[in-house]
Amino acid sequence: MKRRIIDILLVTIGSFIASVGYNSLLVKNNIASGGVGGLAISLNALFGWNNANFVLATTIPLLILCWCFLGREVLLKTFYGSLIFPTFIKLTEGLPTLTKQPLLAAIFGGIVLGLGLGIVFYGNSSTGGTGIITQILHKYTPLPLGMVLLIVDGIIVAISAIAFPPDTVMYSILSLGVVSLTIDKMMVGLNSSRNLLIISQNSEQILKYITRVADRGATKIPVLGGHTGHAQNMIMTTLSTHEVPKVQEEIQKIDETAFIVIVPASTVMGRGFSLQKDYQKVPNDFINPL
1 MKRRIIDILL VTIGSFIASV GYNSLLVKNN IASGGVGGLA ISLNALFGWN
51 NANFVLATTI PLLILCWCFL GREVLLKTFY GSLIFPTFIK LTEGLPTLTK
101 QPLLAAIFGG IVLGLGLGIV FYGNSSTGGT GIITQILHKY TPLPLGMVLL
151 IVDGIIVAIS AIAFPPDTVM YSILSLGVVS LTIDKMMVGL NSSRNLLIIS
201 QNSEQILKYI TRVADRGATK IPVLGGHTGH AQNMIMTTLS THEVPKVQEE
251 IQKIDETAFI VIVPASTVMG RGFSLQKDYQ KVPNDFINPL
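Spelled out as structure tokens, the structure:
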């Protein structure tokens, strides 16, 4: 129940941020950066249709398609975001345009829109729209997801090419790239972890520190020195990014000559990461449960 409330708050906040970026930076600069919102900007230029009304009008038909082709579970995850995002677009359509410079609007509009959508995705939901069409095509065709996304966004960009001059279309493509990059950075940043690979003569002491004080799991991997030919154990552990500096400092206190490799871990699942962590209660534990 607590997680569901947090998800609803995240989707609400993210949808509001995305709608502000859409209306205050993209709309008046005619930057159609993908999705139903981008399509609405192009259709407004071609036929004079109101952006917010068009996005709202497409919501129910798309949710019906979602229910018919993707099932009840996907519908439930998408339902709230699909309604609240168009609602916020309607409520914020009177916001003043922050800049008339299309390059600034494309970049910063993409950042704000991507930030909002990233928060929505982190709340285990989406804003529906063309994402529903993309999921349906991916499910019922042999095309990979990346190709389907390219096709759907390509159609929207093609429509914008009919409505706007080439330089405006290029700004739209730039903004679409910024949105995608921001979402990727958001998802990696909010779930950021690091793998530590440690080789040391004091490996047992380091292992004890990681498992008992840092309260993280660790694995001993047998390795053979390429130069010396000596057999020893390498320790592998996975930490949240904010835990790394402290653990690294303590390892170097134990063995200042320890060989440490730190590599990004883009996706980590299991106890302590995607599952609830059971924390040990020890007096000198420096990591507080988040």
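Residues in the sequence shown are numbered from 1 upward in steps of one, following the UniProt record's numbering. Beta carbons: idealized from backbone N, C-alpha and C, even for Gly.
By the 10 Å Cβ neighbour count, where 16 or more other Cβ atoms means buried, how is residue i classified, buried or exposed?
i: M1; result: exposed
i: C68; result: exposed
i: T219; result: exposed
i: E256; result: exposed
i: I31; result: buried
i: P86; result: buried
i: K139; result: exposed
i: residue 291; result: Outside the shown range of the chain, which is 1 to 290, sits residue 291, and nothing can be said about it.
i: F121; result: buried
i: R216; result: buried
i: T78; result: buried
i: M147; result: exposed
i: I64; result: exposed
Determine whether the beta carbon atoms of residue i and residue j lie at a separation below 9 Å.
i: Q232; j: Q205; result: no
i: S125; j: Y80; result: yes
i: G109; j: V178; result: yes
i: T97; j: K28; result: yes
i: N23; j: G94; result: yes
i: G116; j: V20; result: yes
i: P60; j: S15; result: Per the sequence presented here, residue 60 reads as Ile, with Pro not at that position. No; because the gap between Cβ atoms is not below 9 Å, this pair is not in contact.
i: residue 328; j: V157; result: The displayed coordinates of the chain run from 1 to 290. Any statement about residue 328 would go beyond what the structure contains.
i: L62; j: G129; result: yes
i: S82; j: I132; result: yes
i: T241; j: S193; result: yes
i: G37; j: S160; result: no
i: D153; j: P102; result: no
Rank the options by C-alpha distance to the C-alpha of residue i and give the top, closest one.
i: I210; options: L224, C66, T238, H227; result: T238
i: S175; options: L95, V112, H227, V244; result: V112
i: I162; options: N195, G35, L43; result: L43
i: M236; options: L26, F259, H227; result: F259
i: G114; options: L26, P102, F47; result: L26
i: P222; options: A214, R212, V213, M234; result: M234
i: Q248; options: A214, G226, H227, V268; result: A214
i: M187; options: L75, F47, T58, V268; result: V268
Can you tell me the Cα-Cα spacing of residue i and residue j, whole angstroms?
i: L181; j: G229; result: 44 Å
i: L149; j: T134; result: 6 Å
i: H106; j: Y171; result: The sequence shown places Ala at residue 106, rather than the His named in the question. In a straight line, the C-alpha of A106 is about 6 Å away from that of Y171.
i: N195; j: P264; result: 6 Å
i: G35; j: I251; result: 48 Å
i: I254; j: I89; result: 56 Å
i: L9; j: V169; result: 34 Å
i: P289; j: I198; result: The predicted model places P289 with a pLDDT of 38, which falls under 50 and marks its position as unreliable; any figure quoted below should be read in that light. Looking at the two C-alpha atoms, the distance is approximately 24 Å.
i: N51; j: A45; result: 10 Å
i: I13; j: L224; result: 52 Å
i: W49; j: V244; result: 52 Å
i: F164; j: C66; result: 31 Å
i: I6; j: E73; result: 19 Å
i: D184; j: P142; result: 24 Å
i: L207; j: P144; result: 42 Å
i: K246; j: S203; result: 17 Å
Ends of the beta strand (DSSP E) at residue i?
i: T219; result: 219-224
i: P264; result: 259-265
i: Q232; result: 231-240
Under the criterion of a Cβ to heavy atom distance below 8 Å, does residue i qualify as lining the ligand COA?
i: L149; result: The ligand COA is not part of the structure shown, which contains no ligands of any sort.
Which residue marks the beginning of the alpha helix (DSSP H) containing residue i, and which one marks its end?
i: S200; result: First-last for S200: undefined, no H or E at that position.
i: Y80; result: 72-91
i: Y140; result: 130-140
i: S15; result: 2-21
i: I107; result: 102-122
i: K253; result: 244-254
i: L39; result: 35-47
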